Every structure is written in structure tokens, then in C-alpha cells.
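K.L.:
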Amino acid sequence: MTRHEAREQAFAVVFEKSFNESASFQEIIDGAQECELVKINGFAGSLLNIVEDNLKKIDETIEESLVNWSLQRLPKVSLAVLRLAVAEILYSNDIPVSVSVNEAVEIAKTFGTEEDASYINGVLSSIVKKIK
97 MTRHEAREQA FAVVFEKSFN ESASFQEIID GAQECELVKI NGFAGSLLNI VEDNLKKIDE
157 TIEESLVNWS LQRLPKVSLA VLRLAVAEIL YSNDIPVSVS VNEAVEIAKT FGTEEDASYI
217 NGVLSSIVKK IK
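So the sequence shown is numbered by the numbering used here: it starts at 97 and just counts up by one.
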């Protein structure tokens, strides 16, 4: 499994969590693996652990860069993509920021719309400028 495929699998779990907030990522993974809907490798598992362990900080970082929006108003696809990307940007020092942003945009194009991808690119660019 490539890292891009692993990110897509992690995206599916984070996206599902937005509909089932009381479930842990592990519960979602277990249920999805039973049905053979997702396969989580070490990289995807690591991303999910980062998101789960740092969700409050990740969401705060996203919210600080939203202009006239709130997390609650974001499409669930966009929120899931942003959470994964911000987790990578803030906590995965071995991944270049440009790769994290590009991967997020590509996932948004696959699971959302061009507008979602453009919006995500703008939010992530704002976040990157603030943390540098």
C-alpha cells in the first residue's frame, strides 16, 4: 500500500468519525475491517493515532485559519481532510509540508469537489504561514 492509499484509508476512518463521534478510531477501524472496507497499515494507523491524540489542538489550528466559517459549517469531507493534513503538518516532522498539502488537495479532489480542494489548499497555506 502506498502512502497515498494509506492516507485515503485514514481519511475514511476520520470521515466516519464525524458521523459517529462517540466511537473511538479503533472501534471504527475494527468495524470497517470486519466488513473489509478499509485496510489500515502502519502509516495510516500512525496518522490516526496522531489525530485522535491531538484532535483538540488540530481543530483549534484549523479554526484559527477559517475566515467567516466554523468547524461545524465545514463539509465533513473537508474537515476530515484538513484534520489529517494538519496532523501531518504539526506532528510528522519526516514528511515535507508541501507533500502533506498536496496529498490533502488530491484526496479532496477524489472525495470532494474542486471547490473543496481549492478551499483546503487555501486553509492549509494559511496554517503553514502561521507556523513557520
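Glycine residues also receive a C-beta, built at the ideal position from the N, C-alpha and C atoms.
Just so it is clear, the structure is predicted and the values come from calculations on it, not from any experiment.
1. Within the chosen definition, does the region 127-146 reach the region 97-105 through at least 3 CB pairs nearer than 8 Å?
2. Out of Y187, I227, E101, S222, state which residue places its alpha-carbon closest to the alpha-carbon of L162.
3. Given a cut-off of 7 Å on the beta-carbon distance, is the pair L220 and V195 in contact?
4. With a 10 Å radius around its C-beta and 16 neighbouring C-beta atoms as the bar for buried, classify R169 as buried or exposed.
5. Excluding sequence positions up to five away, which residues of its chain have a Cβ less than 7 Å from the Cβ of N137?
6. With a CB to CB cut of under 8 Å and the five nearest residues on each side skipped, what residues in its chain are close to E159?
7. Contact between the region 212-219 and the region 140-157: three or more CB pairs below 8 Å?
8. Please report the straight-line C-alpha distance between S114 and R99, rounded to a whole angstrom.
9. With a 10 Å radius around its C-beta and 16 neighbouring C-beta atoms as the bar for buried, classify S174 as buried or exposed.
10. Cutting at 8 Å between CB atoms, please list the residues of its own chain near S120, excluding the five before and the five after it.
11. Less than 8 Å between the CB atoms is what I'm expecting for L143 and L180, so what's the real figure, rounded?
P.N.:
Judging by the given coordinates:
1. yes
2. Here residue 162 refers to the residue found at position 66 of the sequence shown. Of Y187, I227, E101, S222, the residue nearest in Cα terms is S222.
3. For the purposes of this step, residue 220 is identified with residue 124 of the sequence shown, where counting begins at 1. For the purposes of this step, residue 195 is identified with residue 99 of the sequence shown, where counting begins at 1. No.
4. What you label residue 169 is simply residue 73 of the sequence shown in a count that begins at 1. The residue in question, R169, is exposed, as its Cβ has fewer than 16 Cβ neighbours within 10 Å.
5. Here the question's residue 137 lines up with position 41 in the sequence shown. Answer for N137: M97, A102, listed in chain order.
6. For this step, residue 159 is matched to residue 63 along the sequence shown. Around E159: S166, L167.
7. no
8. Numbered from its first residue, the sequence shown carries residue 114 at position 18. Numbered from its first residue, the sequence shown carries residue 99 at position 3. Those two C-alpha atoms are separated by around 23 Å.
9. As a working mapping, residue 174 is identified with position 78 in the sequence shown. Flag for S174 reads buried.
10. As a working note, residue 120 is residue 24 in the sequence shown. Only E148 meet the Cβ criterion.
11. Numbered from its first residue, the sequence shown carries residue 143 at position 47. Numbered from its first residue, the sequence shown carries residue 180 at position 84. L143 to L180, Cβ: 6 Å. Contact.
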